Structures are given as C-alpha cells and as structure tokens.
Amino acid sequence: MQQKVAQVRNFVLLAGLLATLAGAAVAIFIAGRITGRLHALHRGAEIIGAGDLDYRLTDSADDEIGQLASAFNAMTGHLRTNYQAIEQAKREWQTSLDAVSDPLFIHDREFKVLRCNRAYAEAAGLPFKEIVGRPYYEMFPKADGPMEGCRKALERQEDGEEEISVPAMDRIFNAKFFPIRDAGGTYLYSLHILQDVTEHKRATERLKKSEASLARAQRIAHLGNWDWNIATGELLWSDEVYRLFDLDPGQSGVTYETFLNSVHPEDRGLVTQSVNAALVEQKPYSIDHRIVLPDSSVRIVHEEAEVTRDREGRPVQMSGTVHDITERKKAEKDLHELFTAALESLASAIEAKSPWTRGHSERVADYAVEIGQALGLTNGELDKLRIAALLHDIGKIGTYDGLLEKQGKLTAAEYETIKQHSAKGAEMLAPIRQLHDIIPWVRGHHERFDGAGYPDGLRGEGIPLQARILAVADTFDSMTAERPYRTTPGKAQALEEIRRHTGTQFDPRVVEAFLRVRPLSAMPRGENVVTG
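Have a look at this one:
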C-alpha cells in the first residue's frame, strides 16, 4: 500500500513537473511572440518618426498590441494627410510670393530672412537655401546694417516706408515694411516689399523738367493752359494763366464764374456766346477778348479750346489755351495807324495831280463807311472799305495828268483812257499782300448793276458789295464837289439823280441804305453853285 502511495505521489510529482515545464514552455513561447510584435511596433514607430508616413504596421491581431498597431497606422494616415496639406499650403504660399514681381522677404527680429520670393533671390543672386537664415542686408540690398526705416518700424512695431538707392544695380527702390503678428497681436516677423521705382522716378524727373520748361516757355510766350470740368464747374489753370489774370497761383476754388468775372463787361456776351456755340453747336472756340485785372488795368487775350464729349455726345470737359496778345494788338494798332497814314498820304498824292479833286478820296471814304454801317458791316470790314475808298483812284497816278486837269469835255479816246484807271489801280495794289482783299473792290467801283459798267462788265450780285458801295459814294461826291468849270448840283438833286438810276447803275439796297443816312428831306434845295 505504501508502495502504491509512493508510486501515486511520484506520478503526481512527475505530472506536476511536466505541467510546470509545459506551462513554462508555453509562457516562453508566448513571451517571444509578444516581444517580437512589440519590437516590430517599436521599429515601425522609428520609421514613421523618421518621416516615412507611407509606412504601415502589419500586426492585425485582435488584441491590445494589434489595436495599438492599428492606432499607429490611423495616426500615420492622419499625419500624412496633414503633412500633404501643409506642403500644399507651403507651395501655394511660395507660388503666391513668387507671383509678386517685386522682391519680397520676411525676416525675424534679428533681420534674418525666414522666407523670400523668386524676385528677391534673383536680385540677391543667391539660391533660396543660401538666403534663409542670413541677415538680409548681407545679401540684398547690401549695407552695413538694416535699413533705417526697417529698424524704426521694428522698434515701433508698425508699418514703415523708405526710398533706397542701389548703385550697383543703378536702381531705386521704395521699401515698405509691414509687421506680422500672431492672433494675440504680438509682433513676430516683418514683411518687406521692395518696389522698383527707378523708371517712375526718372519719368517724374523728366516730367518735372518738362513742366519747368513748359512753364518757362509759357512765361516767355505769355501763354497759359486751362481745363474746365463742365459738370462741377471747376477750372484748373496753369501758373501762367494765374499770372496773366494777376491772381495768386495758390488760390483755390477757381471756377468758370471766376473767369467770367474777369472778362471785360463789354466782352462777356461774346465769350458766353462763343462758349455756348462750342458746347452746343460744336463750333470752334477761337476768340479775342479783354480781361480786367484787379488793379483795373486791361489786357487783351486770345483763347482757343477743344471740347471733350462722352459716348452720348454730351460735353464733359473743355480744355484750351489763353495767350496774352496785348502788346501784339498794340503793335498791330500802331502798324495799322502807320499804314493808314501812309495810305492817306498816297491818296493825297493822287489828288495832288489836280487841285480840283483835293479831298475827294477822304469824302468818298466817309460816305462809304456811312453806307457800310447802315448795311451792318463789321468794324473790320469797315476798315477795309475805308482803305479801298482812299485808294479807289490810285490808277490815275502818273498816267492821266493832262486829262485830270482838262476842263472841257473828254474825247471818246480820252474817256477810254480814263476808264483804264480802275484796272490799273488793281494792278498797282497787287504786290501789296495786306491789300489783296480790297483789290476786287477797287477794280469794280465803276461796274454797273445792269452790267453796262467797266472794266469787266459785271452785273448785280456778281459785283462785290464793297465795289457797289464805292460806286454810290464816288458818284455822290463827284456830283456835289465844287469844280471851277461847271455848275455843281445840290446834294438833294444829286441824291435824286442816284435814286433815279437805282437798279440800272446802282444797287437798290446800297442806295436805300445811303438814303437812310442822308435822307432827301434833310437836304437843302437850290444850292446849285457855278464856279470859275
């Protein structure tokens, strides 16, 4: 029995030993597998930590280690997605920076470049990797230290601006500085943009020189320019216009009314009419008028302008020039007076050939001007008409001395000779450019309204109006001037004779105008004079 008990005990001990050995073996086996999986997990973490976000753990067991591996893989996937998003943002940011054509960079508090665009790298002549981390003033723009404006902007943590010159590039830049802050407003970095303003500066300098040259030329020529905004009424004058109007160039609020108030009261109607004609009827604006200065002195100016219109044809702006022609007008007046005096002397020379015709040309001129005024001729037209009247007999000089003094009746041949004087007078005046307008009048003052006159046999409206006026004035004075060899009819009879030949020898309109200024009822009768 004891032996059996001992056998049983030994068997139990052996079984227990075997069970223990089996359990230990199983434990060792399991521990080995766990250690291997943990080692694989650790190795995978190192690979992922090194940046390989495409790496994935292969442990897919449904236990804690497998779950940990799955969590690692999910985290790696999220990291990869976020990393790709960050890289995409960096590329887009760099692309945005590179899209700026001006050099651009970001620096920290020590002025070291953190990021820059392609334009900055090209200006610095360095690749990106050699730029980042270095103070910008060691690269571009090169200097002994940071730009003064940049330094002050950093100290004050505010925007700044500075113009810098880069002699090595022969360029000028306008540097602008902007602080970059975090969400709490704390200053972090500074953004710099360097705008190349070289051409702008040079163009500005050229423009300044051009404007100075223009202003100098305008001062010399007494010529200014102006722009009128029709909608607002604002008027922009060049300095020379202010000078012409004797006003302060710094004066503000100049309007069209300011200008109009400076126009001579007698000329305001002309100016207003001309402006309206340019704006409404699209007629050229080119006029002479007077202006009154603050000291009451008067100047004469010439203005020309063009009108700018919108797509609908409405006037929006009027731009023009104003030219001080006071001295020119004075010189023209002096020259005109000198010219007129010379013509009067010439007329006197004509009449000196016969003492009996002295004063004839002056009287014809007076009568002609009276008729011209009644017909509404302008002052300029009246001046020319007077000159034509003074010279209407110039063709008699040097050719008809004997005939002019003859007291008896002219022969047919002598009359034909006398008839040549109007054509010869026109030939004598032809070389004088200033008298070209009056040549047809001098030539035609013996034409008849019915076409029976000379030298060209013109008729009706084919005869210049001024020649028709001269015909009446010349005839009236010839009939009423005293002669030593004939009876002189009275002025009333002379007017009646002229009226009787209305429509044949004379233009009815001209005769009617002459009778308005010298009515028959005002003429004394019975003033016939026999002299000699």
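All letters in the sequence shown, in the order written, are residues 56 to 587 by my numbering. Just so it is clear, CB atoms sit at the ideal spot from N, CA and C, and this is done for glycine as well. All figures in this text were calculated on a predicted structure; none of them were measured in a lab.
- For Phe160, the enclosing beta strand (DSSP E) stretches over residues Leu159 to His162.
- Counting only the Cα atoms, Leu348 lies some 47 Å from Glu516.
- Around the C-beta of Glu502, 16 or more other C-beta atoms lie within 10 Å, and the residue is accordingly described as buried.
- Rounded to the nearest angstrom, the gap between the Cα atoms of Phe561 and Tyr470 is 21 Å.
- Looking only at Ser220, Glu417 and Lys231, the smallest Cα-Cα distance to Lys207 is reached by Lys231.
- Ile452 sits in coil when the DSSP states are folded into three classes, being neither helix nor strand.
- Distance from Leu169 to His162 at the Cβ level is roughly 6 Å; contact confirmed, criterion being Cβ atoms closer than 8 Å.
- Around the beta carbon of Ala360, 16 or more other beta carbons sit within 10 angstroms, so the residue counts as buried.
- Distances from the alpha-carbon of Gln250 to those of Leu302, Asn128, Phe160 and Glu436 put Phe160 closest.
- Judged by beta-carbon spacing, Leu299 lies beyond the 9 Å limit of Gly324, meaning their Cβ atoms are not closer than that value.
- Straight-line measurement puts the Cα of Gln475 at about 11 Å from the Cα of Ala468.
- The beta carbon of Glu217 sits closer than 6 Å to the beta carbons of Met202, Gly204 and Ala230 from its chain, once the five residues preceding and following it are set aside; these are given in chain order.
- Between Thr530 and Trp283, the alpha-carbon positions lie close to 55 Å from each other.
- Cβ-Cβ separation between Leu430 and Val497: approximately 19 Å, too far for a contact (criterion under 8 Å).
- If the five residues before and after Tyr175 are omitted, its C-beta is found closer than 7 Å to the C-beta atoms of Pro158, Leu159, Phe160 and Phe195, all from its own chain and listed in chain order.
- In this structure, Ile285 sits near Met373, with a CB-CB distance shorter than 9 Å.
- Asp294 and Glu367 have their C-alpha atoms spaced approximately 33 Å apart.
- Arg345 is bridged by DSSP to Ile355.
- Only exposed fits His133, as fewer than 16 other CB atoms lie within 10 angstroms of its CB.
- With contacts defined by Cβ atoms closer than 9 Å, Ile452 and Met483 form a contacting pair.
- Counting along the chain, Tyr297 sits inside the alpha helix (DSSP H) bounded by residues Asp294 to Leu299.
- Between the alpha carbons of Arg564 and Ala420 lies a gap of roughly 19 Å.
- Residue pairing by DSSP places Asn280 opposite Thr376 in a beta bridge.
- With fewer than 16 other CB atoms across the displayed protein chains lying within 10 angstroms of its CB, Ile235 is exposed.
- With distances taken between CA atoms, Tyr110 lies nearest to Ala129 out of Ala129, Glu551 and Asp303.
- Rounded to whole angstroms, the gap between the alpha carbons of Leu401 and Gly480 is 12 Å.
- Between the alpha carbons of Lys263 and Arg354 lies a gap of roughly 30 Å.
- Apart from the 5 residues on each side of it in sequence, Arg261 has no Cβ closer than 6 Å to any other Cβ in its chain.
- Bridge pairing for Glu361: Ser374 [DSSP].
- For the set Asp303, Arg555 and Glu358, the Cα lying nearest the Cα of Ile380 is the one of Glu358.
- Here Glu289 carries a strand assignment [DSSP, helix/strand/coil].
- Taken through DSSP and simplified to helix, strand or coil, His247 comes out as strand.
- Distance from the CA atom of Ser351 to the CA atom of Val326, rounded to whole angstroms, is 19 Å.
- Scanning its chain for C-beta atoms nearer than 7 Å, with the 5 sequence neighbours on each side dropped, one finds around Leu398 the residues Ile442, Leu445 and Leu446, in chain order.
- Here Gln521 is buried. Its C-beta has 16 or more other C-beta atoms within 10 Å.
- If you look at Val168, you'll find it in the beta strand (DSSP E) that goes Val168 to Cys171.
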